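Numbering (the working numbering), first residue to last: 414 to 704.
Ideal Cβ placement from N, Cα and C applies to all residues, glycine included.
Every value quoted in this text rests on a predicted model; they were computed, and no experiment measured them.
Worksheet for the structure shown next.
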């Protein structure tokens, strides 16, 4: 089915969520119908405050949302959900998780009431090796704080896929390729983290300016060049790279979601960069669209 006609047909149906669920689509044809290829995104989510502030990064997230067709569902791989084994959220109404501390009360009052998709979670648990359904997590800030700017009406079902702490970076990359079929089912896959993420070296007096330490700039340049050149193997093998890369990735959780996005890239697709700036010397907000 042509994606444009498919999206137009969806517009004639009630809004996704309580009134209309993906289950109704599954009933009509076992699986979601084929569509044109959806983009794949990596979003540099940065501070949770980006959920409620009006800044250039928020504007960048909105720009991305405006450039792509509205998906029928979102699968998000967030830096903030690590588990033993792979899990996928399977509840119909995922809670908004405020997994942070020390921020203004207004941030804790934010709710992002997007529906989940038990049906899509069920399909993934059947198709992905050793993937279990989860009924307790929800949407953490790595997911909702950015997705809310792409789809502020919270009318697109969202599920999360966890990061298995037992997998190496190369294993994550290989595993992510098994998600490729979703891009032709109208599902938007989002990796959420940060390319350069070293909180232990933040220059707190430079949070409000575009400033990067030399090593952070070097790491960012190498990552972007590797992404542009489709050099995924080097990116997955980041632990063998020089000191700048090790400083940029002291722990893997904010970097691994990038590999999920890149693993979905097809040969004729290119990367577009957004929000390509540094914060506090040791963090970058760079986001990537694969299309």
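By the criterion of a C-beta distance shorter than 6 Å, residue 490 is surrounded in its chain by 574, 604, 670 and 673, once the five residues flanking it on both sides are discounted.
Note on geometry: alpha-carbon atoms of residue 453 and residue 685 lie some 11 Å from one another. Rounded to whole angstroms, the Cβ separation of residue 498 and residue 543 is 6 Å, and the two are in contact under 8 Å. Here the region 527 to 544 does not lie against the region 462 to 479, with fewer than 3 beta-carbon pairs under 8 Å apart. As far as DSSP is concerned, residue 615 takes part in no beta bridge.
For residue 621, the closest of 448, 449 and 462 by C-alpha to C-alpha distance is 462. Annotation note: the region 540 to 611 contains the following uninterrupted beta strand (DSSP E) runs of length 3 or greater, listed N- to C-terminal: 544 to 547, 571 to 573 and 600 to 606. When DSSP states are grouped into helix, strand and coil, residue 474 belongs to the helix group.
A contact is defined here as three or more CB-CB pairs under 8 Å, and the region 690 to 704 meets this definition with respect to the region 617 to 631. Beta-bridge partners of residue 488 (DSSP): 572 and 602. A straight-line Cα-Cα distance of about 30 Å links residue 584 and residue 527. For residue 647, the uninterrupted alpha helix (DSSP H) run begins and ends at 645 to 649, by DSSP. The beta carbons of residue 549 and residue 501 sit about 12 Å from each other, so the pair does not count as a contact at 8 Å. If you ignore the 5 residues before and after residue 578, its C-beta comes within less than 6 Å of the C-beta of 495, all in its own chain and listed in chain order.
By alpha-carbon distance to residue 523, the top candidate from 554, 480, 493 and 680 is 554.
Judged by beta-carbon spacing, residue 455 lies beyond the 8 Å limit of residue 609, meaning their Cβ atoms are not closer than that value. Assignment of beta-bridge partners to residue 687 by DSSP yields 700. Within the same chain, and ignoring the five residues on either side of residue 588 in sequence, the residues whose Cβ sits closer than 7 Å to its Cβ are 580. Under the three-state reduction of DSSP, residue 631 is assigned to helix.
Excluding its 5 nearest sequence neighbours in each direction, residue 597 has C-beta neighbours in its own chain below 8 Å: 447, 448, 449, 450 and 451, listed in chain order. Of 677, 464, 634 and 503, the smallest CA-CA separation from residue 563 is found for 464. Take residue 656, set aside five residues on each side of it, and the residues of its chain with a beta-carbon closer than 8 Å to its own are 628, in chain order.
A straight line joining the alpha-carbon of residue 509 with that of residue 570 spans about 13 Å. Taken through DSSP and simplified to helix, strand or coil, residue 453 comes out as strand.
Distances from the alpha-carbon of residue 601 to those of 492, 476 and 703 put 703 closest.
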